[in-house]
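Enquirer: Residue numbering for the sequence shown follows the numbering used here, beginning at 29 and increasing consecutively.
All C-beta atoms, glycine included, are put in the ideal place defined by N, C-alpha and C.
Every value quoted in this text rests on a predicted model; they were computed, and no experiment measured them.
I'd like to ask some things about the structure below.
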Amino acid sequence: MLNYSLNRVGPLILFGYTENDSLPQLLYNAAYYTVNYGPYYELLASAICFIANAYSAFRFTHVGTYSRNFRVVMISMNLFVTGIAILRPICYFVPEDYYLTEDKKYISAFIMYSIGYILHICIFIFDSKYILIAFERQIAFKLRATYENTQDNTTIKAFLLFLCVVWLGVTTKAVFVIFFREHDVDVALQKAFMMDSSFYTLMAAHVVALASWFYGCYVFNNLSKRAKHIRRYGTTLTEAFIIKEVVNVIQVISPIINAYICIMVVAVIILAYMIPSYMLGVMVEEDVHYHGLVTFEYMLIDTYNLYASCYMIWHFKNLRRALFEDITRCLRRKCVTEVEPEPLECYNRTQEAEIYFTNLKDMWNT
Numbered sequence: 029m030l031n032y033s034l035n036r037v038g039p040l041i042l043f044g045y046t047e048n049d050s051l052p053q054l055l056y057n058a059a060y061y062t063v064n065y066g067p068y069y070e071l072l073a074s075a076i077c078f079i080a081n082a083y084s085a086f087r088f089t090h091v092g093t094y095s096r097n098f099r100v101v102m103i104s105m106n107l108f109v110t111g112i113a114i115l116r117p118i119c120y121f122v123p124e125d126y127y128l129t130e131d132k133k134y135i136s137a138f139i140m141y142s143i144g145y146i147l148h149i150c151i152f153i154f155d156s157k158y159i160l161i162a163f164e165r166q167i168a169f170k171l172r173a174t175y176e177n178t179q180d181n182t183t184i185k186a187f188l189l190f191l192c193v194v195w196l197g198v199t200t201k202a203v204f205v206i207f208f209r210e211h212d213v214d215v216a217l218q219k220a221f222m223m224d225s226s227f228y229t230l231m232a233a234h235v236v237a238l239a240s241w242f243y244g245c246y247v248f249n250n251l252s253k254r255a256k257h258i259r260r261y262g263t264t265l266t267e268a269f270i271i272k273e274v275v276n277v278i279q280v281i282s283p284i285i286n287a288y289i290c291i292m293v294v295a296v297i298i299l300a301y302m303i304p305s306y307m308l309g310v311m312v313e314e315d316v317h318y319h320g321l322v323t324f325e326y327m328l329i330d331t332y333n334l335y336a337s338c339y340m341i342w343h344f345k346n347l348r349r350a351l352f353e354d355i356t357r358c359l360r361r362k363c364v365t366e367v368e369p370e371p372l373e374c375y376n377r378t379q380e381a382e383i384y385f386t387n388l389k390d391m392w393n394t
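Structure, rendered in structure tokens:
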């Protein structure tokens with residue numbers, strides 16, 4: 029529970045600063061304005077992100093040029109990111125007084141802590157998304173000769189297993205905090221279900237995000253080198269298709285991973301500041317400095333999600349084409365002039381073959 033009067037000096041107290049010094053006042057004001065106005069930026073970015081992810085999730089179900097497993101993983105990731113976009117503002121903007129069990133507000137408490145519980149799971153899945161995407165691409169490349177036709181379910185099984193592990197971890201943590209609590213019931217429920225109220229849960233999320241980024245970078249770099257090396261030696265059309273798909277996905281994902289580096293650098297700096305401060309007792313979950321840093325991180329994550337969502341819609345050609353078609357349909361303008369196709373009977377066999385393979389090549393390159 030946020031307390032503005034608690035620990036106004038923050039970690040600077042270790043260096044002999046007091047409330048009357050200018051530097052602690054500057055940091056306090058920065059944290060104060062971040063906590064109070066940052067969530068409005070989060071709300072705006074989350075609304076745009078929600079629209080972009082909902083649209084791409086819907087359109088990915090109709091994109092037949094990507095394998096089914098890849099579409100399942102991408103749609104699932106979009107849904108979890110959309111969940112964060114919806115649930116995080118709710119957790120912030122609903123006052124804690126509205127769901128205090130001390131005041132016998134059990135129904136509202138159940139609803140809010142359920143939202144916080146689901147948000148826990150969504151954030152951990154988001155933090156591990158590059159593990160899941162990279163694993164799916166790795167399986168696709170390994171089984172490239174038969175992947176398109178057999179539609180191996182290893183990736184989906186791994187995703188469900190990972191989801192169960194995350195659910196089990198979040199549930200175990202909540203049960204442990206509630207039954208071995210050192211605080212009153214409402215504070216314990218906050219620490220159990222509201223992610224921002226638990227320092228150790230936030231640290232665990234950072235560790236998962238770092239591991240996901242390292243694994244994703246390693247796998248995508250490795251697949252890129254191997255795919256480019258053997259791209260010209262695919263023995264079947266299916267194998268060549270999967271290799272081309274892997275290369276295209278890596279080309280789209282790589283700039284997004286590079287953007288994620290910026291988030292990770294800032295996250296590491298914040299961790300380097302928060303961990304010793306928390307361990308030395310000069311920063312706690314209730315003070316404004318802690319909430320200011322957490323809110324700032326969420327603002328960065330929302331910015332990244334907004335960039336990644338819009339970038340993927342634009343650079344996945346089929347999604348971009350679908351977007352243009354939908355915009356055209358909404359504006360009720362016909363952007364493409366229809367031309368009556370010429371009958372093939374007017375060409376000889378050589379010309380017919382050239383037209384056929386030209387069309388096939390154009391379809392392959394889209």
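Do valine 100 and isoleucine 184 have their C-beta atoms closer together than 7 Å?
Expert: Locating residue 100 in the sequence shown gives position 72, counting from the first residue. Locating residue 184 in the sequence shown gives position 156, counting from the first residue. Cβ distance < 7 Å, so valine 100 and isoleucine 184 count as in contact.
Enquirer: Who are the Cβ neighbours of threonine 129 in its own chain at under 8 Å, not counting the five residues just before and after it?
Expert: By 1-based counting over the sequence shown, the position of residue 129 is 101. Once the five neighbours on either side are set aside, the close Cβ partners of threonine 129 are Ala137, Val213, Asp214 and Leu217.
Enquirer: Let's see if you can read the secondary structure: which residues bound the alpha helix (DSSP H) around valine 203?
Expert: If you number the sequence shown from 1, residue 203 lands on position 175. Element bounds for valine 203: 182 to 207.
Enquirer: Would you kindly check if the distance between the Cβ of serine 240 and the Cβ of aspartate 155 is under 7 Å?
Expert: Stepping through the sequence shown from its first residue, residue 155 is reached at position 127. Stepping through the sequence shown from its first residue, residue 240 is reached at position 212. Yes, they are a contact pair.
Enquirer: Among the residues of its own chain, which have a CB less than 8 Å from the CB of aspartate 224, if the five just before and after it don't count?
Expert: Working through the sequence shown from its first residue, we reach residue 224 at position 196. Cys119, Leu230, Glu313, His319 and Val322, listed in sequence order.
Enquirer: Between the C-alpha atoms of leucine 347 and phenylalanine 88, what's the straight-line distance to the nearest angstrom?
Expert: Sequence index remark: in the sequence shown, residue 347 carries index 319 (1-based). Sequence index remark: in the sequence shown, residue 88 carries index 60 (1-based). Near 7 Å, if we compare the C-alpha coordinates of phenylalanine 88 and leucine 347.
Enquirer: Please state whether DSSP places glycine 38 in a helix, a strand or coil.
Expert: Reading the sequence shown from its first residue, position 10 is the one you call residue 38. Three-state result, glycine 38: helix.
Enquirer: Reducing DSSP to helix, strand and coil, say where aspartate 354 ends up.
Expert: Here the question's residue 354 lines up with position 326 in the sequence shown. Three-state DSSP puts aspartate 354 in a helix.
Enquirer: Across the region 331 to 338 and the region 75 to 83, are there enough close Cβ pairs to call them in contact, namely three or more that are closer than 8 Å?
Expert: The answer is yes - the region 75 to 83 touches the region 331 to 338, with three or more Cβ pairs under 8 Å.
Enquirer: Looking at C-alpha atoms only, which residue of Lys132, Ile291 and Ser252 is the closest neighbour of isoleucine 281?
Expert: Here residue 281 is taken as the residue at index 253 of the sequence shown, counted from 1. Per the Cα distances, Ser252.
Enquirer: Going by other Cβ atoms of all chains shown within 10 Å of its Cβ, with 16 needed for buried, is isoleucine 278 buried or exposed?
Expert: For the purposes of this step, residue 278 is identified with residue 250 of the sequence shown, where counting begins at 1. When all chains shown are included, isoleucine 278 counts as buried.
Enquirer: Give me the Cβ distance between leucine 54 and leucine 40, rounded to the nearest whole Å; I'm assuming they're in contact under 8 Å.
Expert: The residue you call residue 54 lines up with position 26 of the sequence shown. The residue you call residue 40 lines up with position 12 of the sequence shown. No, leucine 54 and leucine 40 are not in contact; Cβ-Cβ is about 10 Å, not under 8 Å.
Enquirer: Can you give me the C-alpha to C-alpha distance between arginine 349 and histidine 343, rounded to a whole angstrom?
Expert: For the purposes of this step, residue 349 is taken as residue 321 along the sequence shown, with counting starting at 1. For the purposes of this step, residue 343 is taken as residue 315 along the sequence shown, with counting starting at 1. Their backbone Cα atoms lie some 10 Å apart in a straight line.
Enquirer: Look at the alpha carbon of isoleucine 297 and the alpha carbon of isoleucine 329, and state the distance between them as a whole number of angstroms.
Expert: Taking the sequence shown and counting its residues from 1, one reaches residue 297 at position 269. Taking the sequence shown and counting its residues from 1, one reaches residue 329 at position 301. Looking at the two C-alpha atoms, the distance is approximately 15 Å.
Enquirer: Helix or strand or just coil, what does DSSP make of glycine 44?
Expert: Residue 44 sits at position 16 when you count from the first residue of the sequence shown. Residue state, collapsed to three classes: coil.
Enquirer: Throw me the rounded Cβ distance for the leucine 115 and isoleucine 153 pair, which I believe falls under 8 Å.
Expert: Working through the sequence shown from its first residue, we reach residue 115 at position 87. Working through the sequence shown from its first residue, we reach residue 153 at position 125. The Cβ separation is near 13 Å, so there is no contact.
Enquirer: Can you give me the C-alpha to C-alpha distance between threonine 62 and phenylalanine 324, rounded to a whole angstrom?
Expert: Mapped onto the sequence shown, residue 62 falls at position 34. Mapped onto the sequence shown, residue 324 falls at position 296. One C-alpha to the other measures close to 7 Å.
Enquirer: Kindly indicate which three-state DSSP category glycine 144 falls into: helix, strand or coil?
Expert: For the purposes of this step, residue 144 is identified with residue 116 of the sequence shown, where counting begins at 1. Of the three classes helix, strand and coil, the one that applies to glycine 144 here is helix, per DSSP.
Enquirer: Could you tell me whether the Cβ atoms of tyrosine 60 and valine 316 are closer together than 7 Å?
Expert: Taking the first residue of the sequence shown as position 1, residue 60 is located at position 32. Taking the first residue of the sequence shown as position 1, residue 316 is located at position 288. Cβ atoms of tyrosine 60 and valine 316: closer than 7 Å.
Enquirer: Report yes if the C-beta distance between phenylalanine 15 and tyrosine 141 is below 7 Å; otherwise report no.
Expert: The requested residue 15 is not part of the displayed model; the chain covers only 29 to 394.
Enquirer: Give me the residue from Ala237, Thr182 and Leu34 with the minimum Cα distance to asparagine 97.
Expert: Within the sequence shown, numbered from 1, the residue matching residue 97 stands at position 69. Among Ala237, Thr182 and Leu34, the Cα nearest to that of asparagine 97 belongs to Thr182.
Enquirer: Between isoleucine 285 and alanine 173, what straight-line distance do the alpha-carbon atoms span, to the nearest angstrom?
Expert: As a first step, residue 285 must be located in the sequence shown, where it is residue number 257. As a first step, residue 173 must be located in the sequence shown, where it is residue number 145. If you take the alpha carbons of isoleucine 285 and alanine 173, they lie about 28 Å apart.
Enquirer: Take tyrosine 145 and list the residues in its own chain whose beta-carbon comes closer than 6 Å to its own, dropping the five residues that flank it on each side.
Expert: Locating residue 145 in the sequence shown gives position 117, counting from the first residue. Excluding residues within five positions, the ones whose Cβ falls inside 6 Å are Phe221.
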